[in-house]
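See below for the structure under consideration.
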Amino acid sequence: MSNIAIQADKLTKRFDDFTAVDAITFDVRQGEIFGFVGANGAGKTTAMRILCGLSIPTSGTATVAGFDVYKDAEKIKKNIGYMSQKFSLYEDLTVMENITFYAGIYGLSNQEIKDRGAELLTRLGIEHEAKTFVASLPLGWKQKLAFSVAVIHRPKIVFLDEPTGGVDPVTRRQFWDLIYEAADRGITVFVTTHYMDEAEYCNRVSVMVDGRIDAFDTPANLKKKFSVESMNEVFYQLARGAKRKAD
Amino acid sequence: MKNAVWKQLYAFIQKEFYHVFRDRKTLLMLFGIPIAQVLLFGFVLSNEIKNSKIVVCDYAKDYASQEIIRKIEASKYFNVQKATLTHDQIEASLRSGDIKMAVIFPADFYSDLSHLNKAQIQVIADASDPNTATTLSNYLTSIINDYQAEALAQTKKPYSIIPQVKMLYNPELLGAPNFVPGVMALVLMLICAMMTAVAIVKEKEMGTMEILLVSPLKPYLVIIAKTIPYLLISLLNLAAILLMSVFLLNLAIKGSVILLFAESTLFIISCLALGLLISVGSTSQMSAMMTSQMSLMLPTMMLTGFMFPIENMPFWMQGISYIVPSRYYYTIVKAVMLEGLGFTAIWRETLVLAGITLVLVVINVRSFKIRLA
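If you read the protein sequences in the order shown, they are chains A and B.
Residue numbers for the first sequence follow the working numbering, beginning at 77 and rising by one.
Residue numbers for the second sequence follow the working numbering, beginning at 781 and rising by one.
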């Protein structure tokens, strides 16, 4: 396989007369942290759903982990992890039960579940919380746990849909440490966000406006191109031209 | 590969049971409601009226009146108070609600009966509750008829007019036989359809559904894993209802228990399919619950015939009742449980129920695909 994890070419999704995703073209390299930035309603989530095999594109092509989104959605699902903005754990299950469940539906063996579960708890420093109900964990811990669970089956790519909503900057920074660790282990990270400080952490960033990708480069190059100091200002300059109302 | 599917299914079902057994509200609904329903319908809401307070004014005090009063007293329906009250006093007692009915034997009761072959008993009932009044006067009439029949047999009097009041279908006027099959339909509908709908919508609400769809779990596995726990719990509930009917309501199961469980499983599957269908259209647990109640519980109560006879309904409503699965299940349970009939007597209902179930399952499979597009 080449070192391209995700490739999209003129990928388009229309709902009736509304074009949610308008011929986007980009590629994500293996092991890269790829920021998918855009205002609410810009089409980020729709694009991400296509790449996860949840939605079939109207036109254009895309491959994820080398598999075609039209034909091989099932194979794609085996090779990706996913974490949504509503963090995705069961509150009425304990930490270990959540780990067992997710590892179980990805088909891990009992021994693997045991080993990786213990390793995960150690990495997060919550060995003593294995039997705690998720409902009673602080939000920051839940999000870190949700991320760790999303990569427990060691996927090639992990999709994070606004993973850090509602947490303080310190916890967000800690969360990003986990993302870097995952990237170091060779997992490609595809993350949507509207926190521009997070965009700075990414290797490369694409900015979506009205369903199109209006900018696509490393944060440093983007700032140079727009002659500004921060990603925040890059985003403002691009998003000002948006015609769609965020909803 | 086969192995992997079983493993996924096992992990999922285990999780579902955690959900069920950790939520007190769910547990209460699953096991409290069936028990409460059986007890309510079996004992409290029964149609029969027991121990009604009545007053008997015996001005005759002769052999015949004493004999009839003894019979009235022996009946479990009446709680007899003997007194010689004036009409004004009787009216006052009825008005205050102390008594439901007054029975008055005139002074010449026996001599009228033996010489004129005709005697009168005055019965005054509190008809502000017409159902109770009718039922009570029916009970009384049958006691008097009973006496007449006995007296007739002894004296061999050739002519006497005996009013015959027959209680068809349920001669003992027992409530339980009709309610138990109805309660079974109601409880299974409630547990299977509503709980399944709520359980699935909960995943949507919490955002965990997306995770399941992104995972390599096949959609049909999600459906199976979500429904199996409720199928098992429903069968358990069914057993509990049957045990309660046998030991608490003294209602014997006349037909085959295995047939009863087989038919119930078919009905449960149709309920599960209905629950899934509701979950497709609902976005919140609340709306799933409301939809279930409006579209499933009400028809089950109203249109199966266990509370109100279908034959008396307007034509269009009878038409609707034909697509309510509970209607067929109710008929089947009545036939197997109360009448002791075998499969040959209910194959038509079974076929219709199976047909409805099949249609529901097909609709589900299709709508699940649409959801994924």
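We put the beta carbon where it would ideally sit given N, CA and C, even for glycine.
Using a 10 angstroms sphere on the CB of W786 (chain B), the tally of other CB atoms stays under 16, which defines it as exposed.
Within chain B, Y798, H799, R802 and D803 have C-beta atoms less than 9 Å from the C-beta of D168 (chain A), given in sequence order. Within the region 170-184 of chain A, contact with chain B at the beta-carbon level (separation under 7 Å) is assigned to E173, T176, F177, G180, I181, Y182 and G183.
Following the DSSP letters along the chain, one finds Y158 (chain A) in no alpha helix (DSSP H) but inside the beta strand (DSSP E) bounded by residues I156 to M159.
Secondary-structure assignment with DSSP links L236 (chain A) through a beta bridge to A:M159 and A:V267. Think of a sphere of 7 Å around the beta carbon of K787 (chain B): the chain A residues whose beta carbon falls inside it are G180 and G183, in chain order. For the region 143-155 of chain A, the set of residues with a beta-carbon nearer than 7 Å to any beta-carbon of chain B comprises E150, K153 and K154, in chain order. According to the DSSP assignment, V104 (chain A) belongs to no alpha helix (DSSP H) but to the beta strand (DSSP E) extending over F94 to R105.
In summary, S1050 (chain B) is buried, with 16 or more beta-carbon neighbours lying within 10 Å of its beta-carbon over all protein chains present. Counting C-beta atoms within 10 angstroms of its own C-beta, I834 (chain B) has 16 or more neighbours from the protein chains shown and is therefore classed as buried.
By the Cβ rule, the region 301-308 of chain A does not count as touching the region 136-150 of chain A, because fewer than three pairs are nearer than 8 Å. Boundaries of the alpha helix (DSSP H) harbouring S876 (chain B): H867 to S876, taken from the DSSP string.
For the region 123-145 of chain A, the set of residues with a beta-carbon nearer than 8 Å to any beta-carbon of chain B comprises C128, G129, L130, S131 and I132, in chain order. For L87 (chain A), the uninterrupted beta strand (DSSP E) run begins and ends at I80 to F91, by DSSP. Taking a Cβ-Cβ cut-off of 8 Å, the neighbours of E990 (chain B) in chain A comprise L130, Y158, S160 and S164, given in sequence order. Measuring C-alpha to C-alpha distances from C278 (chain A) to each of A:T294, A:D290 and A:M284 identifies A:T294 as the nearest. At a cut-off of 9 Å between beta carbons, P1009 (chain B) makes no contact with chain A. DSSP assignment within the region 997-1076 of chain B yields the following whole alpha helix (DSSP H) runs of 4 residues or more, N-terminal first: 999-1027, 1037-1061 and 1065-1072. Around A791 (chain B), the beta-carbon contacts reaching into chain A at under 7 Å are T176, F177, G180 and I181. Distance from the CA atom of S894 (chain B) to the CA atom of I1090 (chain B), rounded to whole angstroms, is 47 Å.
The beta carbon of E985 (chain B) lies closer than 8 Å to those of T1063, S1064 and Q1065 in the same chain, with the five residues before and after it left out.
Put simply, the region 168-186 of chain A does not touch the region 242-251 of chain A. Fewer than three CB pairs are less than 8 Å apart. When C-beta distances to chain A are compared with 7 Å, the residues of the region 975-1000 of chain B below that value are M986, G987, T988, E990, I991, L993, V994, S995, P996 and L997, in chain order.
By the rule that beta-carbons nearer than 9 Å mark a contact, A1125 (chain B) does not touch chain A.
Looking at A:T176, A:A211, A:T95 and A:Y182, the one whose alpha-carbon comes closest to that of L197 (chain A) is A:T176. Contacts with chain A at 9 Å (Cβ-Cβ) include Q794 (chain B). A direct Cα-to-Cα measurement between N1092 (chain B) and Q846 (chain B) gives close to 42 Å.
In this structure A791 (chain B) is not in contact with I156 (chain A), their Cβ atoms being roughly 19 Å apart against a cut-off of 8 Å. Assignment of beta-bridge partners to Q794 (chain B) by DSSP yields no partner.
In this structure, the CA atom of A1115 (chain B) is about 58 Å from the CA atom of A96 (chain A). In the three-state scheme derived from DSSP, where H, G and I count as helix and E and B as strand, N308 (chain A) is classed as helix. For N174 (chain A), the uninterrupted alpha helix (DSSP H) segment begins and ends at V171 to I181.
9 Å or more divides the Cβ of M1117 (chain B) from the Cβ of L993 (chain B). In this structure, A:R261 is the residue among A:V283, A:R261, A:E195 and A:E276 with its C-alpha nearest to the C-alpha of G107 (chain A). The way I'd put it, the region 120-135 of chain A does touch the region 85-92 of chain A; three or more beta-carbon pairs between them come closer than 8 Å.
Contact annotation: A118 (chain A) and Q83 (chain A) have beta-carbon atoms that are not nearer than 9 Å.
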